[in-house]
Amino acid sequence: MAQVAFILNDQLVPTDHPERQALLASAYRTRTRPLCGCKDPGLPLYVSKVDDGSFLVKRMPFTGPQHDPKCDCYEIPPELSGRGALGQKAIEEDQDGGITKLRLDFSLSKRGTAPIASPIKGQSTQAPTTKTDPAKLSVRSLLHFLYEDAGLNRWSPRMAGKRNWFVVRKYLLEAAEGKMSGRKAIVDSLLIPEPFSVEHKDDILRRRARFFSDLKATANNQPMGLMIGEVKAFEPARFGHRMIIKHMPDVPIYLADDIYRRMGKNYGTELAFFAEDAQIHLLCITTFTRSATGNLQADTLSLMTVDAQWLPFENREELDLVEKYRATGRYFTKCLRYNLKSTEVLASILLTDTETPTAVYLYPEVSDPAYQEKLDWVLTNSELPYELINPNASSA
Numbered sequence: 024m025a026q027v028a029f030i031l032n033d034q035l036v037p038t039d040h041p042e043r044q045a046l047l048a049s050a051y052r053t054r055t056r057p058l059c060g061c062k063d064p065g066l067p068l069y070v071s072k073v074d075d076g077s078f079l080v081k082r083m084p085f086t087g088p089q090h091d092p093k094c095d096c097y098e099i100p101p102e103l104s105g106r107g108a109l110g111q112k113a114i115e116e117d118q119d120g121g122i123t124k125l126r127l128d129f130s131l132s133k134r135g136t137a138p139i140a141s142p143i144k145g146q147s148t149q150a151p152t153t154k155t156d157p158a159k160l161s162v163r164s165l166l167h168f169l170y171e172d173a174g175l176n177r178w179s180p181r182m183a184g185k186r187n188w189f190v191v192r193k194y195l196l197e198a199a200e201g202k203m204s205g206r207k208a209i210v211d212s213l214l215i216p217e218p219f220s221v222e223h224k225d226d227i228l229r230r231r232a233r234f235f236s237d238l239k240a241t242a243n244n245q246p247m248g249l250m251i252g253e254v255k256a257f258e259p260a261r262f263g264h265r266m267i268i269k270h271m272p273d274v275p276i277y278l279a280d281d282i283y284r285r286m287g288k289n290y291g292t293e294l295a296f297f298a299e300d301a302q303i304h305l306l307c308i309t310t311f312t313r314s315a316t317g318n319l320q321a322d323t324l325s326l327m328t329v330d331a332q333w334l335p336f337e338n339r340e341e342l343d344l345v346e347k348y349r350a351t352g353r354y355f356t357k358c359l360r361y362n363l364k365s366t367e368v369l370a371s372i373l374l375t376d377t378e379t380p381t382a383v384y385l386y387p388e389v390s391d392p393a394y395q396e397k398l399d400w401v402l403t404n405s406e407l408p409y410e411l412i413n414p415n416a417s418s419a
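Sequence positions in the sequence shown follow the numbering used here and run 24 to 419.
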């Protein structure tokens with residue numbers, strides 16, 4: 024989540040205040056709640072301490088929709104996000120401890136597993152249409168959760184030209200702070216490749232080697248890593264394929280044949296955009312293990328396409344809509360599916376520069392009576408103004 028100005032002891036503290044960290048440290052010790060100044064009276068926030076000793080200010084649980092739509096603490100209403108379809112136990116926030124407990128439907132370790140000998144075997148990919156447990160986060164849902172918590176699915180004109188991998192990585196890591204799966208901190212398993220720098224090459228390699236050393240298997244336990252990165256290429260390997268990640272091209276991630284085949288089947292649209300449009304970034308989230316030879320082997324993965332400004336989209340119609348709103352200087356939030364299937368109705372965009380936030384829905388590319396029935400129900404029961412766009416209709 025982007026850092027916001029806040030009010031503490033009747034003092035406005037902007038994001039560039041020189042004493043900001045000291046003030047947050049004091050508020051953390053005394054359990055004082057800063058206030059967000061986007062509305063009057065201010066909405067309470069809480070202070071979270073992260074691993075490096077610094078402090079972040081975050082919105083209180085379930086208060087996101089109460090903030091001003093242009094505030095960085097604003098969160099779209101649950102019904103406009105796949106997050107709303109998750110069970111309450113999938114994401115449990117404890118603002119007093121600054122901890123968010125996540126229930127995952129994939130593992131970050133394997134018990135009783137000997138070191139893997141070769142990158143041949145693997146589990147199937149996490150497809151958008153795979154049946155999932157609403158009480159748990161799929162690997163795709165975890166990516167959507169972190170991306171949304173990082174504010175990377177939001178857009179305002181002032182962001183133009185300011186997003187790159189350094190920024191995306193920074194906010195994803197901040198979003199991962201304080202997130203727990205069982206007793207394990209997500210950041211302890213998370214690898215997001217650092218932007219490569221010749222000047223800092225040795226330090227980058229040293230930090231990466233330290234991370235990989237913690238994934239060494241024993242007779243009773245095979246630790247797993249969790250990687251979020253931008254795909255550079257897929258290449259044939261002696262067995263299966265290997266995925267090359269930008270900023271980490273010297274460490275490929277091997278994909279067994281079954282994983283590669285299912286990836287092609289389940290992510291055909293994402294892979295087509297990646298192959299045909301150089302402006303599109305292809306993000307991958309994957310769990311992985313280290314083989315006996317030290318190679319990385321994908322276990323469960325998901326892909327997500329983002330545009331040149333790192334905004335997510337699902338298909339050509341959504342990409343055109345996102346590009347149109349960006350080009351016309353609109354403020355908006357891209358809605359994310361989490362566990363929702365592609366056959367479930369979900370708004371594509373929430374416009375946040377209208378008097379009341381406005382949900383934007385797209386007609387499906389192919390007419391489907393069942394989908395139309397669901398869409399009619401959603402629109403009839405919508406508490407927000409909405410626009411319904413048919414991208415296939417003639418503009419004549």
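Just so it is clear, CB atoms sit at the ideal spot from N, CA and C, and this is done for glycine as well.
Simplified DSSP assignment, three categories, for residue i
{"i": "Met-266", "result": "strand"}
{"i": "Asn-289", "result": "helix"}
{"i": "Phe-85", "result": "coil"}
{"i": "Glu-406", "result": "coil"}
{"i": "Ala-416", "result": "coil"}
{"i": "Pro-151", "result": "Its pLDDT being 43, under 50, Pro-151 is placed unreliably in this model, and the coordinates cannot settle the point."}
{"i": "Ile-421", "result": "Residue 421 cannot be examined here, being either before or after the span of the chain that is shown, 24 to 419."}
{"i": "Gln-111", "result": "coil"}
{"i": "Val-70", "result": "strand"}
{"i": "Ile-99", "result": "coil"}
{"i": "Thr-375", "result": "coil"}
{"i": "Phe-235", "result": "helix"}
{"i": "Phe-296", "result": "helix"}
{"i": "Thr-312", "result": "strand"}
{"i": "Ser-49", "result": "helix"}
{"i": "Ala-256", "result": "strand"}
{"i": "Phe-355", "result": "strand"}
{"i": "Leu-195", "result": "helix"}
{"i": "Leu-166", "result": "helix"}
{"i": "Lys-200", "result": "First, the amino acid is wrong: residue 200 is Glu here, not Lys. If DSSP states are grouped into helix, strand and coil, Glu-200 belongs with coil."}
{"i": "Gln-44", "result": "helix"}
{"i": "Val-345", "result": "helix"}
{"i": "Arg-360", "result": "coil"}
{"i": "Ala-393", "result": "helix"}
Minimum C-alpha distance to residue i - residue among the options
{"i": "Leu-359", "options": "Glu-337, Phe-29, Thr-86 and Val-73", "result": "Glu-337"}
{"i": "Leu-326", "options": "Glu-341, Ser-314 and Gly-287", "result": "Gly-287"}
{"i": "Asp-172", "options": "His-40, Ile-114 and Ser-49", "result": "Ile-114"}
{"i": "Leu-47", "options": "Pro-100, Cys-61, Ile-30 and Arg-163", "result": "Ile-30"}
{"i": "Gly-317", "options": "Asp-225, Asp-75, Ser-236 and Gly-184", "result": "Ser-236"}
{"i": "Ser-130", "options": "Ile-282, Asp-376, Lys-239 and Ser-204", "result": "Ser-204"}
{"i": "Glu-116", "options": "Tyr-69, Glu-388, Gly-105 and Ser-104", "result": "Tyr-69"}
{"i": "Val-383", "options": "Tyr-409, Thr-377, Val-401 and Pro-392", "result": "Tyr-409"}
{"i": "Tyr-283", "options": "Val-345, Met-247 and Ala-321", "result": "Ala-321"}
{"i": "Phe-234", "options": "His-223, Cys-59, Val-210 and Lys-224", "result": "Val-210"}
{"i": "Cys-61", "options": "Tyr-97, Met-83 and Pro-41", "result": "Tyr-97"}
{"i": "Leu-175", "options": "Ala-295, Asp-391, Lys-357 and Pro-380", "result": "Lys-357"}
{"i": "Phe-85", "options": "Gln-332, Leu-66, Ala-183 and Asp-280", "result": "Leu-66"}
{"i": "Tyr-348", "options": "Pro-37, Trp-178 and Ile-99", "result": "Trp-178"}
{"i": "Met-247", "options": "Ala-208, Arg-230 and Leu-228", "result": "Ala-208"}
{"i": "Thr-309", "options": "Leu-324, Ala-315, Ile-303 and Asp-300", "result": "Leu-324"}
{"i": "Val-190", "options": "Arg-265, Gln-332, Pro-380 and Leu-228", "result": "Gln-332"}
Cα-Cα separation between residue i and residue j, rounded to whole angstroms
{"i": "Leu-411", "j": "Ala-370", "result": "9 Å"}
{"i": "Gln-89", "j": "Asp-95", "result": "12 Å"}
{"i": "Ile-251", "j": "Leu-319", "result": "14 Å"}
{"i": "Glu-293", "j": "Lys-269", "result": "17 Å"}
{"i": "Pro-414", "j": "Thr-53", "result": "54 Å"}
{"i": "Thr-55", "j": "Asp-33", "result": "12 Å"}
{"i": "Leu-398", "j": "Asn-404", "result": "10 Å"}
{"i": "Phe-311", "j": "Ile-215", "result": "13 Å"}
{"i": "Asn-187", "j": "Leu-334", "result": "11 Å"}
{"i": "Glu-217", "j": "Glu-197", "result": "14 Å"}
{"i": "Gly-87", "j": "Lys-202", "result": "18 Å"}
Distance cut-off 8 Å: residue i Cβ against heavy atoms of the ligand ADP
{"i": "Ala-232", "result": "Ligands in the displayed structure: none, and consequently the ligand ADP is not present."}
Chain-order list of residues whose beta-carbon lies under 8 Å from that of residue i (same chain, five-residue window excluded)
{"i": "Leu-306", "result": "Leu-166, Ile-251, Gly-252, Glu-253, Val-254, Leu-326, Met-327, Thr-328 and Val-329"}
{"i": "Leu-160", "result": "Leu-109, Ala-113, Ile-114, Leu-125, Arg-126, Leu-127, Asp-128, Phe-168, Tyr-361 and Asn-362"}
Own chain residues within Cβ distance below 7 Å of residue i, not counting five before or after
{"i": "Gln-44", "result": "Ser-77 and Phe-78"}
{"i": "Ala-256", "result": "Ile-267"}
{"i": "Ala-50", "result": "Leu-31, Pro-57 and Val-70"}
{"i": "Asp-91", "result": "Cys-61, Lys-62 and Tyr-97"}
{"i": "Ile-303", "result": "Phe-296, Phe-297, Thr-328 and Asp-330"}
Strand pairing of residue i, partner residues [DSSP]
{"i": "His-304", "result": "Val-329"}
{"i": "Lys-133", "result": "Gln-245"}
{"i": "Ile-227", "result": "DSSP, once it has assigned bridges, lists no residue as partnering Ile-227."}
{"i": "Met-182", "result": "According to DSSP, which records beta bridges pairwise, Met-182 is partnered with nothing at all."}
Sequence-distant residues of the same chain with beta carbon closer than 6 Å to residue i, five excluded per side
{"i": "Leu-213", "result": "Ala-199 and Leu-249"}
{"i": "Phe-4", "result": "With the chain covering only 24 through 419, there is no way to say anything about residue 4."}
{"i": "Gly-107", "result": "Pro-101"}
{"i": "Val-368", "result": "Lys-397, Leu-398 and Val-401"}
{"i": "Glu-340", "result": "Leu-385 and Pro-414"}
{"i": "Leu-238", "result": "Pro-246, Gly-248 and Arg-313"}
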